[in-house]
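Down below is the structure, laid out as structure tokens.
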Amino acid sequence: MDLGIKGKTAIVCASSRGLGRACAQALAEAGVNLVINGLNAERLAQVAEEIATATGVTVTPVACDVSTAEGQAKLLAACPAPDILVNNNGGPPLKDFRELDNDAMVDGINMNMLTPINLVQQVLDGMVERGFGRIINITSMTVKMPVAGLDLSSGARAGLTAFLAGISRTVADKNVTINNILPGYFATDRLDGVLNAGMARTGNDKETVAKELAAKVPANRFGDPKEFGNTCAFLASQYGGYITGQNILLDGGLNPSAF
Numbered sequence: 008m009d010l011g012i013k014g015k016t017a018i019v020c021a022s023s024r025g026l027g028r029a030c031a032q033a034l035a036e037a038g039v040n041l042v043i044n045g046l047n048a049e050r051l052a053q054v055a056e057e058i059a060t061a062t063g064v065t066v067t068p069v070a071c072d073v074s075t076a077e078g079q080a081k082l083l084a085a086c087p088a089p090d091i092l093v094n095n096n097g098g099p100p101l102k103d104f105r106e107l108d109n110d111a112m113v114d115g116i117n118m119n120m121l122t123p124i125n126l127v128q129q130v131l132d133g134m135v136e137r138g139f140g141r142i143i144n145i146t147s148m149t150v151k152m153p154v155a156g157l158d159l160s161s162g163a164r165a166g167l168t169a170f171l172a173g174i175s176r177t178v179a180d181k182n183v184t185i186n187n188i189l190p191g192y193f194a195t196d197r198l199d200g201v202l203n204a205g206m207a208r209t210g211n212d213k214e215t216v217a218k219e220l221a222a223k224v225p226a227n228r229f230g231d232p233k234e235f236g237n238t239c240a241f242l243a244s245q246y247g248g249y250i251t252g253q254n255i256l257l258d259g260g261l262n263p264s265a266f
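Next up, the structure:
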């Protein structure tokens with residue numbers, strides 16, 4: 008399928024690995040030129056070369072912390088007028104809420120709520136003026152299905168969801184959309200943290216914990232990052248213009264809600 012976005016430009020945050028990289032790869036395969044981001048400059052440069060070699064698009068690596076004003080400025084200097092923005096960032100580690108001090112809570116809110124809002128503020132009007140824009144926020148299934156220990160991540164991402172829900176309706180008539188993708192359990196480095204916590208809690212080995220966790224998912228498996236990336240690319244495409252303000256749950260059926 009021709010997604011109709013060949014030649015457009017995208018900023019994909021936290022895209023040196025995991026779901027962010029999967030989104031970058033899928034967009035590149037659709038012909039989108041990229042600015043990718045991560046903290047590890049060496050790994051980021053390698054990823055940029057791999058994606059560019061495989062797809063033929065221009066890939067610009069920007070090593071920075073997207074949670075800082077300086078990092079955001081670097082991204083926007085590399086791509087001042089993105090057609091597509093994929094907001095993504097690491098989340099706070101699994102931790103009992105009683106152990107969170109005020110600084111940890113402020114950091115978590117900054118990472119998973121304020122940072123994407125700051126980037127949206129800086130790119131939205133340009134998208135409106137050009138008559139095309141796609142903003143996709145990678146959040147979490149815990150926005151709809153909270154998990155004890157991920158309370159800070161869930162709360163910050165839920166705040167982002169509510170904040171942007173109304174804003175998305177104000178630009179929908181300008182062919183600018185804002186949507187969220189809510190991943191469940193995907194086979195990424197982030198899942199290792201969940202498995203390690205399960206090992207510590209149960210005393211079982213990693214393979215056993217993984218099998219037990221996958222068995223809770225109706226699909227009876229963990230998600231493939233490629234599935235996530237292709238969903239992102241579709242939302243960014245010419246066919247995604249009538250989808251806005253939505254939370255797309257990719258969890259293999261784990262959330263039992265009908266709505």
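Adding 7 to a residue's 1-based position in the sequence shown gives its number in my numbering.
The beta carbon of each residue, even a glycine, is placed where N, CA and C say it ideally should be.
Source: prediction; values computed, not measured.
Use the C-beta contact count for G210: other C-beta atoms within 10 angstroms, 16 or more gives buried, fewer gives exposed. exposed
Q. Is R164 buried or exposed, if buried means 16 or more other CB atoms sit within 10 Å of its CB?
A. buried
Check: Are A353 and I91 close, meaning C-beta to C-beta below 8 Å?
Finding: Nothing about residue 353 can be reported from this structure: the residues present for the chain run from 8 to 266 only.
| field | N-terminal and C-terminal residue of the alpha helix (DSSP H) that T122 is part of | value | 122-137
* **Residue nearest to T184 in terms of C-alpha spacing, selected from G236, E106, N144** => N144
Three-state class that DSSP yields for L41 in the structure shown | strand
Review point. When the distance is taken between beta carbons, is K151 closer than 8 Å to L189?
Key: yes
* In chain order, what residues of the same chain have a beta carbon less than 6 Å from the beta carbon of M120, not counting five sequence neighbours either side? -> A163, G166, L167
From I161 to M134, what does the alpha carbon distance come to, in whole angstroms? The question names Ile, yet the displayed sequence has Ser at residue 161. Each residue's Cα considered, the two are about 29 Å apart.
Could you pull out every unbroken beta strand (DSSP E) segment of at least 3 residues lying fully inside the stretch 29-101, listed in chain order? 40-45, 66-70, 91-94
*Given G248, which residues of its chain have a CB within under 8 Å of its CB, disregarding the five upstream and five downstream residues?*
N182, T184, listed in sequence order.
Name the DSSP bridge partner or partners of L189? L256
Rounding to the nearest angstrom, what Cα-Cα distance links M206 and G230 in this structure?
20 Å
Which first and last residues belong to the alpha helix (DSSP H) in which I174 is found?
158-178
For A85, which of F170, A37, V130, D180 has the nearest alpha-carbon? Minimum Cα distance to A85 is reached at V130.
query = What span of residues does the alpha helix (DSSP H) with G205 cover, start to end?
reply = First-last of the alpha helix (DSSP H) with G205: 196-209.
Self-check item: beta strand (DSSP E) segment containing G115, residue limits
Solution: Taken as a continuous stretch (DSSP letters only), G115 belongs to no beta strand (DSSP E), being part of the alpha helix (DSSP H) at 109-116.
Rounded distance between the beta-carbons of A31 and V19, thought under 8 Å: The Cβ separation is near 4 Å, so the contact holds.
Closest by CA to C71, which one among L101, A21, P99?
Answer by Cα proximity: A21.
Quiz item: CA-CA distance, A59 and Y192?
Solution: 28 Å
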